[in-house]
Each structure stands twice: as C-alpha cells, then as structure tokens.
Amino acid sequence: MFVPIALRQARRDRQLVSKRLLLTEDEEQREVTMDTASGQQDLVDLLCKVQHSGPERGTHLKALSKALRDPSEQLTFIKQENSVNLLVSLLTGSNAQCRLHAARCLHELSHSPHTNVAPACLPATPYLLTFLSGQSTKFTELCLYTLGNLFPDSDVVKDKLLAQGIIPALANCIENQKHNLAVVEAAAFSLTQLLQAKDAAEKIIPKVLASSLPSQLLSVLNPDPNFGLAPAIECAWCLHYLACSDGNGELLALGALSHCSSLLMSLGGAVAEGNKEEGMELLVCPLLRCVGNLVSCCPVDSLSTQVGDVRLVAALCAFIKAYLHTQPALARESAWVLNNLTAHSTDFCSALLTLNLVPGLIQLLPFSQGINTMILRVLANVTHKKKESCLQLAQLGLLSTLCATLKMADQEMVTLSLEILFMLVIGRPQVADEFVRLSGVSLLEAIQYNSEGEMRRRAAYLLEHHLLSHSADCTV
Amino acid sequence: MTASGNCPTGTTEERELPFSFTPQLFHLHKDHEVFEDGDIHRHMYLQDLYVSGADDEPALSVSEFACHISGCSAVFSALEEYEHHYNSLHRHVCCSCRRSLPSARLLDIHIQEWHDSLFTVLAQRQDMYQCLVEGCGQKFRTSKHRKDHLIRIHKYPPDFRFDKTKKDRGTREAKRPQQKDTAMEVADDVCESEGVCEVMCDVLSEQRELGETMETLVEEEAARMTKPAATMEHTDLSAAFDGNGCTSSETFKTQYSYRVPTTVCFGHSSVRGFRGRRGRRK
Chain A
1 MFVPIALRQA RRDRQLVSKR LLLTEDEEQR EVTMDTASGQ QDLVDLLCKV
51 QHSGPERGTH LKALSKALRD PSEQLTFIKQ ENSVNLLVSL LTGSNAQCRL
101 HAARCLHELS HSPHTNVAPA CLPATPYLLT FLSGQSTKFT ELCLYTLGNL
151 FPDSDVVKDK LLAQGIIPAL ANCIENQKHN LAVVEAAAFS LTQLLQAKDA
201 AEKIIPKVLA SSLPSQLLSV LNPDPNFGLA PAIECAWCLH YLACSDGNGE
251 LLALGALSHC SSLLMSLGGA VAEGNKEEGM ELLVCPLLRC VGNLVSCCPV
301 DSLSTQVGDV RLVAALCAFI KAYLHTQPAL ARESAWVLNN LTAHSTDFCS
351 ALLTLNLVPG LIQLLPFSQG INTMILRVLA NVTHKKKESC LQLAQLGLLS
401 TLCATLKMAD QEMVTLSLEI LFMLVIGRPQ VADEFVRLSG VSLLEAIQYN
451 SEGEMRRRAA YLLEHHLLSH SADCTV
Chain B
1 MTASGNCPTG TTEERELPFS FTPQLFHLHK DHEVFEDGDI HRHMYLQDLY
51 VSGADDEPAL SVSEFACHIS GCSAVFSALE EYEHHYNSLH RHVCCSCRRS
101 LPSARLLDIH IQEWHDSLFT VLAQRQDMYQ CLVEGCGQKF RTSKHRKDHL
151 IRIHKYPPDF RFDKTKKDRG TREAKRPQQK DTAMEVADDV CESEGVCEVM
201 CDVLSEQREL GETMETLVEE EAARMTKPAA TMEHTDLSAA FDGNGCTSSE
251 TFKTQYSYRV PTTVCFGHSS VRGFRGRRGR RK
C-alpha cells in the first residue's frame, strides 16, 4: 500500500496529528468545487453581511463557512476584529439554523493547518463543550469534531480544554448518546486526539481511566452491522492508546482483554472465510495492539479467564495470512500478539499444534520485515514450552526451514535458529541425525567461521556436543 | 564435514552453556517502531474522511412546515432542520420563565436557582450553587463564588452566557456599557436580537423588564423570515396549541388565542418544570 512520505516523517518526529473534516452532504454531491478565486475582500464583505441581522443572515453565514475552507481565508478571518466573538454570539443565539452554520464555520477553522487559528477559537470552547450535553445530534457531532481538531494544535488550547472539563464532557456525551453511533464515533475521535498528546501519560490518561470512559468504550466495541465499523474503530484506538500506557490494570479489571480478544476472534473468523470487508483492517489493527499489550501485563493465572478461547491463535494466523502481502505491518503486529500469547502460556502453544497451525507459520519464515523473527520467536516459545512436541515440530518441517534461516543475513534470525536447534536436538539423537542428513553441519561450520562471537560459540557448541558424534555414524 | 576436525578452537574453553532462549513478552510503547505503519494507515484514514453531514437539502422535499411549539413561528423545509431547531431551542425549556437552555443539566440548575424557593432557603445556609462544568461536582455559597471558580479553575470567560442568575440583574446594568465598548457594535446587535439562550442572560434581563418573553424574541426574528402563507398556516396550528399566554406587547402575538392555561404543557418535553425524566430522542 502506498504510504505518504510526509506522514512517515511526521510519525518519526512524533508529530503525526490528523484532523477530521466533516463534509456536508451537498459537497458530497458536487464533488467539492472550491472557489479559490474569492479574494480577501469577499471574506471581509461576507463578514460584514453576517454582522447584520436579517433574513439573509443564515445564507451569508453558510457562505462564510464555505469560504473558511480555504486556509488563507482562515487567517484573514481570525485577523478581523471580533470575528470569533461574532461566531460565538451566533453559536449561542436564538436561531437554530444560524447556530448550526456558526458551528460549521468554527469547524472549518478548527481544520486549519495554521497553528495560530486554534487559539483564536478559544472563546468558543466553553460553548462547544456545553452543547455536548444537548440533544441535537448533528450539531453535537459537529462540536465534537471541532473540539477534536482544536485540541492538538497548541498547549494553550489543550490546557484550557482540560480545565474546562473536556474529559467528563466526553464521558457524559457518550453515556447520553450511546445509541447514536455517529455521535459516539465523533466523541471517541475527540478522545483519541486527547490520548495522543505528548504528555497524555501524565495529564490525560489517569483522568480518562478514572472516568466512566473505558467501560463505555468497551461497550461500543461490538460493531453494529447496520452502521459499519467506524465507531468501533475509534473506540478501539482509544483503548490502544490507553493500553500502551500504564493503565492496563484498570483495563484488565474491566474485562478489556476478553472483549478485544473475542471481537478479534470473530473478525478472524470472517477473514479466514475470505470476507474482507472494506476497512476491517482499520479495526483489526488497534484491537491487536490492545490484546498484545494487555496480554503482556496480564498475570499468568488470570490469562485463561481473560482470553477464554485458545482459538484466538487461529484468528491471528488468519490475519497474518490475509494481510501478509497487502499490509505486512499488520501481519507483523499479529505475529507479535502471537508471540506474547505463546510466551505467556503453554495452552496457546498447545493450541498451535492441535489446530495444526504450525505448518502455516513455518511457511512464513522466508518473509522479511520483522515478520520472520516474530514467527521464529513463536516457534521458539513452542519448542521451549512443549518439549515433548519437539519431535513433532521437526517432523512438521521445522528442521529443513531452520536450514534456510541459518543462512540468512539477519543475525537475530540466525541466533534464534541456533537456539531452536539446540532445544530440538538436546536429548533427541534422532532429531540431530535428521539435521545432519539435511546437510546442516556445513551450515553450522560456515557460521562458526564467518560470524560474530556469540553465534560462533553457539554453532561450535552444537557441533561439538550434539552433531559431530552423529555425523560420523550417519553420513559416511 | 572435512573441516570439522578444526572446529574446537577456543570455543570449548568456555564451559558455560551458550544458549539462553527464554520466551519474552513485549509491551510496546505508543511510539514503537512496530506500530509505525499501522499508525500511518490510521492517519491516512482520518485525513481522507468523507462523511455526509449537516445539510440535507436535496434529500426529500416536503412542503414547508412550521414549528409546533406555540409562539414559535420558525418554518422548515426538511425534517432534520426541524429536529435541530427543536432540540436546540425547545427541548430544555423552563416552564416558569420559558427560557431555553442547552442541556438538561443546565436547565435543572436554572430551575433550582431561579424558581425553587427551597433552594433559596437552603442556599442561605449551605453551598448550593453547582459548578456548571460537567463532572466537577463542586458547590458554592453564591453564584459569584461559582463564577470566580469557573473563571479561575475552568478558564471560562467572565461573560459565560449560560451563567446568569437572577441576582445578576441589578449589577448588569452597570456592566453593560462597558461590554458595549469592547464588543463590536454589530456583535452586540446579535445579542439583542438573538436571544434564546441568552434569554436567560443579557438580553432578557433588560427586555424582560418590558414584559417580553423568549417566544417574542424568537418570533420577532422568525416573523421576518416567514412567508405570509406559512404564517397563516402556522397561526392555525399554534392557535390550537397555544399554551403560553404570553404577555407580549408584540402585535404579532395578538393573533393567537389563549384557550389553554399557562400551566399546561404540550408535547414531549416541550417545557419542563422540576426535574422529571430526561427526554431522549433515540
């Protein structure tokens, strides 16, 4: 998939911030033809017209909101004296249609790429927050996206919004409108904006965890077939940002791990059947991350209650297979989760064997991009925890694959392969014989002469203690 | 195989087992490199957002219809417009003074502070003025204390429109000229004519003295927009519904008959007195 370089650079600079623009339906029909020719004079003119009350005010305000789509007009607008106050007065005025258009204007401003626009919108924030507890859903949605867009732009805005109670306001909004999924989606989007702040771990996440938000987010996770995945996607991202930080105890207590893993299982079932609904990966991704991170913090004795069904591993293998070529990063994240599960408990290792998933994993070892190291770790986990299955693993083709991975340039791959080989052959001469028969000895010798110290030591040890004695009997 | 004889050079001296694999759990931080591509896809999705929203103009054209709330003469051409209008202006209305508030909570607070005599009594002895910020939960002895708290702790503007109290009325007269200086002239005009929310604040405090109500304000404005035909239709409708008995000086008002006493409310949460069930739309 094509990935814009600018986004990647922003991600590396830890400055990846997105804003959402809620388009109006008439724009959807007209392919958004922006009249960029309208100059500065027009905007000022329009602003003057909006200042005068009259029957045409709504129309002018609507035209103003359209003009504010243009980033340079946004700057012109905020430079006009009292322009934002005028919007605020219309936002809180007695004409419902004007309220909506004023909110629309603020929304366009909030979408600005210029960082000085958001602070200029500050006079509106207490009202935008107040309207979150209102009942007009389209209006609430607009307020939510506007707040979500304003939040990341500057510390001043961020601190004000936190002081003005954006967290309880969002909690209350989701609580009151939980049946209105468009509003839930908008609220969860705003929350992701909060949770991505650089200092979220100190200032925001503890407050969110202390609120009713985590349990509300979990309750929205099950996608509504009629509405689509979007609200669940936003909620899952919120949970991911929470699970990345230290909030795992709280999330585990709420059953987040069992929620996320059972949803992943049903999505995995759909993917395995070849049903790749558009955008499903946008939900799979944050859910994988939640499960991966929550498993890593889950006490071993409660893992079986949290992830009740070991068939989760089958779902993960289905994701790896389905996304290997289209979205390798997602396949790698699935492999990471599989590693955490198998590293944690023998039950999941057994499940890989009983569900006959090992051959599929072995086939993945030639692929790069970090997938093969994770898969090799998974196989090492199984070898480590299921000593009695080593023979079975060897028979499933692991030995011949190790012959390939031992030749790889990636040192981690070679080291892990040596570790697995050691676990397989120790105390099992028949496995050692098989490896020798596959001409494995020469591979180890090559490592012994060409590679770095640690790998050399391992190769030499294997040759000396486990292989050479057999090689004499076998090969000659 | 041939080279195998040379193998034990230096390696066997180290008796320690060179193998150390133990299963490892990885907890990945938000900014971990493994998450890079997934994050980028996520943001590509966000930035391409395409949602149908706000105006539903061409959807399904119905003939224009009027707001059924008595005294309101707004006219709509789409159901959505009406829904937004109703939810914004008529959902949370105080039945004593007909002020409209933006949320059930603010309406509750308004009713207590303006119309509940028990509140007035209790307020003399304990902290009764709730903070307006959802989730704050603090209470204050006077509205002035609350206002200070809102400004200091929650960074609210000093002129927050939904924080106007009865007692403010006297002092506001002194404040207003000053506000006028700073505000744009036209912006101020907005305040005068748009009143509903501010009905409970700036505008009404002055205009109510003249015996006007919110409905008049709405109407004044709506009347300007309304086409004659629609007005007629509306008049018929609201004649049957009129439960306001407004004592308006507006001439427009006189078209209505007042058959129903003021205390009677029509429709789902058209007006509300003391706390009842919250109206939910969906």
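So the sequence lines, in the order shown, correspond to chains A and B. Just so we're aligned, residue 1 is where the first sequence starts under UniProt numbering, counting upward by one. Just so we're aligned, residue 1 is where the second sequence starts under UniProt numbering, counting upward by one. Glycine is no exception: its CB is placed at the ideal position from the N, C-alpha and C atoms.
C-alpha gap between residue i and residue j, whole angstroms
i: histidine 344 of chain A; j: lysine 147 of chain B; result: 54 Å
i: isoleucine 153 of chain B; j: histidine 92 of chain B; result: 27 Å
i: valine 184 of chain A; j: proline 119 of chain A; result: 26 Å
i: arginine 332 of chain A; j: leucine 376 of chain A; result: 12 Å
i: leucine 209 of chain A; j: arginine 69 of chain A; result: 36 Å
i: alanine 63 of chain A; j: serine 89 of chain A; result: 18 Å
i: isoleucine 312 of chain A; j: leucine 267 of chain A; result: The sequence given here places leucine at residue 312 of chain A; isoleucine does not occur at that position. Going from the Cα of leucine 312 of chain A to the Cα of leucine 267 of chain A covers about 10 Å.
i: glutamine 196 of chain A; j: arginine 20 of chain A; result: 15 Å
i: alanine 256 of chain A; j: leucine 221 of chain A; result: 10 Å
i: aspartate 31 of chain B; j: histidine 465 of chain A; result: 43 Å
i: alanine 329 of chain A; j: lysine 164 of chain B; result: 55 Å
i: alanine 96 of chain A; j: asparagine 87 of chain B; result: 9 Å
i: phenylalanine 348 of chain A; j: lysine 178 of chain A; result: 36 Å
i: phenylalanine 35 of chain B; j: leucine 251 of chain A; result: 20 Å
i: leucine 118 of chain B; j: cysteine 98 of chain A; result: 38 Å
i: histidine 29 of chain B; j: aspartate 37 of chain B; result: 14 Å
i: leucine 107 of chain B; j: valine 133 of chain B; result: 13 Å
i: proline 4 of chain A; j: leucine 150 of chain B; result: 44 Å
Cut-off 7 Å between Cβ atoms - residues of its own chain near residue i, not counting five sequence neighbours on either side
i: phenylalanine 131 of chain A; result: Phe139, Thr140, Cys143
i: glutamate 278 of chain A; result: none
i: alanine 394 of chain A; result: Leu424, Val431, Glu434
i: methionine 265 of chain A; result: Asp309, Arg311, Leu312, Ala315
i: histidine 41 of chain B; result: none
Contact under 8 Å by Cβ, residue i with residue j
i: valine 101 of chain A; j: glycine 54 of chain A; result: The residue you asked about is not valine; residue 101 of chain A is histidine in the sequence shown. Their beta carbons are not under 8 Å apart, which means histidine 101 of chain A does not touch glycine 54 of chain A by this criterion.
i: proline 152 of chain A; j: proline 113 of chain A; result: no
i: leucine 379 of chain A; j: leucine 361 of chain A; result: yes
i: leucine 181 of chain A; j: proline 231 of chain A; result: yes
i: leucine 150 of chain A; j: cysteine 105 of chain A; result: no
i: histidine 85 of chain B; j: cysteine 67 of chain B; result: yes
i: cysteine 238 of chain A; j: threonine 192 of chain A; result: yes
i: alanine 171 of chain A; j: glycine 135 of chain B; result: yes
i: arginine 289 of chain A; j: alanine 318 of chain A; result: no
i: residue 500 of chain A; j: leucine 147 of chain A; result: Since the first residue of chain A shown is 1 and the last is 476, residue 500 of chain A is not available in this structure.
i: aspartate 39 of chain B; j: leucine 16 of chain A; result: yes
i: serine 136 of chain A; j: glutamate 83 of chain B; result: yes
i: residue 286 of chain B; j: leucine 7 of chain A; result: Given that chain B is displayed from residue 1 to residue 282, the structure contains no residue 286 of chain B and the question cannot be resolved.
i: cysteine 298 of chain A; j: glutamine 306 of chain A; result: yes
i: leucine 353 of chain A; j: serine 304 of chain A; result: no
i: serine 74 of chain A; j: valine 117 of chain A; result: A small correction: the amino acid at residue 74 of chain A is glutamine; serine does not occupy that position in the sequence shown. In this structure, valine 117 of chain A lies closer than 8 Å to glutamine 74 of chain A by Cβ.
i: leucine 316 of chain A; j: serine 334 of chain A; result: yes
i: leucine 47 of chain A; j: glutamine 80 of chain A; result: yes
Closer than 8 Å at the beta carbon, the chain B residues around residue i
i: cysteine 285 of chain A; result: Gly38, His41, Arg42
i: methionine 265 of chain A; result: Neighbours of methionine 265 of chain A on chain B: none; closest Cβ ~20 Å, over 8 Å.
i: threonine 342 of chain A; result: Pro23
i: serine 261 of chain A; result: Within 8 Å Cβ-Cβ: nothing; serine 261 of chain A doesn't reach chain B, min ~16 Å.
Within chain B, the residues that residue i reaches when beta carbons sit closer than 9 Å
i: phenylalanine 131 of chain A; result: Ser88, Pro102, Ser103
i: lysine 385 of chain A; result: Pro23
Contacting residues, own chain, Cβ-Cβ under 6 Å from residue i (five flanking each side not counted)
i: alanine 201 of chain A; result: Ser245
i: arginine 458 of chain A; result: Leu418
i: valine 337 of chain A; result: Leu288, Val291, Gly292, Leu316
i: glutamate 234 of chain A; result: Glu185, Ala188, Phe189
i: leucine 355 of chain A; result: Ala314
i: asparagine 339 of chain A; result: Met374, Arg377, Val378
i: arginine 456 of chain A; result: Gln448
Interface residues of chain A facing residue i [CB-CB closer than 8 Å]
i: histidine 85 of chain B; result: Ala96, Gln97
Listed by chain order, chain B residues near residue i by CB distance under 7 Å
i: alanine 380 of chain A; result: Phe21
i: leucine 7 of chain A; result: Ile40, His43, Met44
Own chain, CB closer than 8 Å to residue i, minus 5 neighbours either side, in chain order
i: tyrosine 129 of chain B; result: Glu113, Ala123, Lys139, Phe140, Arg141, Thr142, Ser143, His145, Arg146
Residues that residue i contacts on chain A, provided the C-beta gap is smaller than 7 Å
i: glutamate 134 of chain B; result: Ser133, Gly165, Pro168, Ala169, Asn172
In chain order, which continuous runs of the alpha helix (DSSP H) of length 4 or greater are located wholly inside the stretch 124-166 of chain A?
125-131, 137-150, 155-163
Which whole runs of the alpha helix (DSSP H) in the stretch 169-240 of chain A are 4 residues long or more, in chain order?
181-195, 200-203, 205-210, 213-220
List in chain order: all unbroken alpha helix (DSSP H) runs of 4+ residues lying wholly within the stretch 81-142 of chain B.
104-115, 117-123
Counting only runs that start and end within the stretch 345-414 of chain A, where is the alpha helix (DSSP H) found for 4 or more residues in a row?
346-354, 358-363, 371-385, 390-393, 399-405
At 3 residues or longer, what runs of the beta strand (DSSP E) sit wholly inside the stretch 40-70 of chain A?
none
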